[in-house]
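Here the sequence shown is numbered in the numbering used here, starting from 24 and rising by one per residue.
Even glycine gets a Cβ: it sits at the ideal position worked out from N, Cα and C.
Report on the following structure.
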Amino acid sequence: MGAYVVRRLLIIPFTLLLISVVVFIFMRAVPGDAADVRCGAAGNFDAKCFEVVREELGLNENKVGQYFKWLGDIVLRGDFGYSLSQRNHVNDELLERIGKTAQIGVLAIAFTLLIGVPVGMVSAVRAGKFSDYVLRFLAVIGLSVPGFWIATLIVIFPPVWWGMRIAPDYVGWGDPLGHLRVIAIPAFVIALAGGGTIARIVRSSMLEVLRSDQVRTARAKGLREFAVISRHVFRPSMIALFTIIGLQFGLVLGGSVIMESIFNIQGIGLWVLSASVERDFVIIQAVSVVFASWFLLITLIVDVAYAWIDPRIRY
24 MGAYVVRRLL IIPFTLLLIS VVVFIFMRAV PGDAADVRCG AAGNFDAKCF EVVREELGLN
84 ENKVGQYFKW LGDIVLRGDF GYSLSQRNHV NDELLERIGK TAQIGVLAIA FTLLIGVPVG
144 MVSAVRAGKF SDYVLRFLAV IGLSVPGFWI ATLIVIFPPV WWGMRIAPDY VGWGDPLGHL
204 RVIAIPAFVI ALAGGGTIAR IVRSSMLEVL RSDQVRTARA KGLREFAVIS RHVFRPSMIA
264 LFTIIGLQFG LVLGGSVIME SIFNIQGIGL WVLSASVERD FVIIQAVSVV FASWFLLITL
324 IVDVAYAWID PRIRY
């Protein structure tokens with residue numbers, strides 16, 4: 024197990040290096056830059072304005088040199104540089120915002136599991152019965168209905184119909200219940216699609232295990248159904264679940280961009296959206312590297328858990 028974990032850890036730096044190269048190249052390939060946005064916003068379309076701003080922001084330097092300077096600052100000092108549009112330190116803004124996005128993400132994963140696992144288990148145990156069809160239908164609905172549409176309905180219609188706001192303004196941990204209410208709503212909306220996915224995966228996995236010889240043997244020995252499910256079905260059927268959880272983290276990170284915009288939460292998603300409009304490459308590159316690191320770490324944890332459950336995959 025130790026050798027497997029070490030091999031997985033050694034892959035991470037090379038993966039991050041490749042991601043940093045790809046992100047840097049794509050950011051420079053996008054038409055326009057921060058100078059175009061700044062001069063255009065000021066109504067100054069003189070070529071001299073563009074040249075002065077590009078020189079001020081360091082955009083005229085050699086692209087290869089820019090990359091290695093940026094990479095060196097990250098590796099040696101953990102410094103992502105200064106925002107091209109706001110001229111403040113990216114690290115400070117990143118630390119302030121990432122906590123909000125992380126809270127939504129972790130809560131969304133928790134909701135996803137709380138929705139998906141019980142629904143999938145009940146659906147598998149009650150396979151072919153009315154409750155199974157109802158739960159499968161609800162899972163498909165959760166997968167099919169766009170999260171941004173549900174979020175928009177939550178924001179717009181309750182004040183119009185009932186004169187009340189379900190989605191309140193953002194409040195910090197000074198008001199714990201208010202804060203949980205703020206992050207719980209977008210987290211739950213994100214979790215609906217993930218819960219539907221996990222429910223279907225859990226149902227399929229459990230049905231496969233329920234039809235296996237070991238389960239038939241356990242039942243033949245006279246074990247109660249609860250003991251059969253808990254001892255002989257649950258753990259083997261969770262292997263597929265661990266695989267899909269890693270993918271769900273990626274979907275949660277992507278969904279946070281839209282949800283933070285709709286619910287006006289000043290997290291990473293809204294920040295990246297603003298940086299994209301302003302062509303602020305530094306912010307987008309920093310967030311891409313941080314999100315990639317986060318995703319790789321989660322993937323490592325999932326792989327280790329996967330190897331612990333099923334030792335056959337420790338290759």
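C-beta contact flag for residue i and residue j at 8 Å
i: Ser146; j: Ile306; result: no
i: Thr220; j: Ile177; result: no
i: Ile213; j: Val275; result: yes
i: Leu39; j: Leu319; result: yes
i: Phe134; j: Phe211; result: yes
i: Val327; j: Val28; result: yes
Inter-residue CB distance, residue i and residue j (contact presumed, cutoff 8 Å)
i: Asp102; j: Asn114; result: 6 Å
i: Ser108; j: Glu301; result: 4 Å
i: Val312; j: Gly269; result: Actually they do not touch by this definition, with Cβ atoms about 19 Å apart.
i: Leu264; j: Val225; result: 6 Å
i: Lys86; j: Arg51; result: 6 Å
i: Leu323; j: Ile35; result: 7 Å
Pick from the options that is closest to residue i, judged by C-alpha positions
i: Val53; options: Pro141, Ile288 and Asp303; result: Asp303
i: Ile281; options: Pro209, Leu33 and Ala250; result: Pro209
i: Gly277; options: Leu40, Arg31, Gly128 and Val46; result: Gly128
i: Ala150; options: Phe272, Leu99, Phe180 and Ser227; result: Ser227
i: Arg223; options: Val205, Pro141 and Gly104; result: Pro141
i: Ile206; options: Leu323, Trp317, Ile288 and Leu319; result: Ile288
i: Ser316; options: Arg30, Ile42 and Gly218; result: Ile42
i: His112; options: Leu296, Gly104 and Phe265; result: Gly104
i: Gly218; options: Leu94, Leu203, Phe272 and Pro181; result: Phe272
i: His202; options: Leu130, Glu84 and Ile321; result: Leu130
i: Leu136; options: Ala216, Arg77, Leu118 and Leu200; result: Ala216
Where residue i falls, given that 16 or more other Cβ within 10 Å makes a residue buried
i: Thr240; result: exposed
i: Ser154; result: exposed
i: Tyr329; result: buried
i: Phe286; result: buried
i: Gly143; result: buried
i: Val157; result: exposed
i: Gly165; result: buried
i: Gln308; result: buried
i: Ser235; result: exposed
i: Gly139; result: buried
i: Ala162; result: buried
i: Phe37; result: exposed
i: Ala298; result: buried
**OP:** Count the C-beta pairs between the segment 290-297 and the segment 109-128 that are closer than 8 Å, then say yes if the count reaches three, no if not.
**Re:** They touch, by the three-pair rule.
Original post:
Does the segment 88-95 come within contact of the segment 33-52, defined as at least 3 CB pairs closer than 8 Å?
Top reply: Output reads yes: the segment 33-52 touches the segment 88-95.
**OP:** Please confirm if the segment 170-184 is in contact with the segment 251-262, defined as three or more CB-CB distances below 8 Å between the two stretches.
**Re:** No, because fewer than three Cβ pairs between the segment 170-184 and the segment 251-262 fall closer than 8 Å, the two stretches do not touch.
Original post:
Are the segment 217-236 and the segment 257-273 in contact at 8 Å, needing three or more beta carbon pairs?
Top reply: In short, these stretches touch, since the Cβ pair count reaches three.
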